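Only one structure is covered here, and it is reproduced in the block below.
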Amino acid sequence: KGKGKKKMNPDRTIWIGQIPEGTEYPELLELAKTVGEAKWAEVWKGGTGAIGFATPEDAETAIAQLNGASFGGGTIVADKWGKKD
Numbered sequence: 306k307g308k309g310k311k312k313m314n315p316d317r318t319i320w321i322g323q324i325p326e327g328t329e330y331p332e333l334l335e336l337a338k339t340v341g342e343a344k345w346a347e348v349w350k351g352g353t354g355a356i357g358f359a360t361p362e363d364a365e366t367a368i369a370q371l372n373g374a375s376f377g378g379g380t381i382v383a384d385k386w387g388k389k390d
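Residue numbers (my numbering): 306 to 390.
Next comes the structure, spelled out in structure tokens:
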């Protein structure tokens, strides 16, 4: 089993895109905490990442508030976690 891997609950996890280069996960987590009870955040190569919230409701609220938000000199996009149809 993967050590240190966060268990991603799709209902409580949101996808973030267009994250400005050089952004670290604590910065993304801090932003997330302004819109809900964020538990963790990850930033990956290519300007994408994920944020985990305490409840599905927090995740839904975060998508609405973070999609199109200004962050780190750019504009991020937020969406539900999971594959696109």
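Note that CB positions come from ideal geometry on N, CA and C, so glycine has one too. Just so it is clear, the structure is predicted and the values come from calculations on it, not from any experiment.
Under 6 Å Cβ to Cβ from ASP316, same chain only, skipping five residues before and after it: list those, please.
If we look at ASP316 and ignore the five residues flanking it on each side, its Cβ neighbours are PRO361.
Along the alpha helix (DSSP H) that carries LYS312, what are the first and last residues, could you check?
Looking at the DSSP string, LYS312 is not in any alpha helix (DSSP H), and its letter there is neither H nor E.
Leaving out five residues before and five after GLY379 in sequence, what residues of the same chain have Cβ atoms less than 7 Å from its Cβ?
For GLY379, where only same-chain residues beyond five positions count, the Cβ hits under 7 Å are GLN323, PRO325.
Quick one: measure Cβ to Cβ for GLY377 and GLU332, integer angstroms, because I've assumed they're closer than 8 Å.
Correct: roughly 7 Å between the Cβ atoms.
Just how far apart, CA to CA, sit LEU336 and MET313?
Rounded to the nearest angstrom, the two C-alpha atoms are 19 Å apart.
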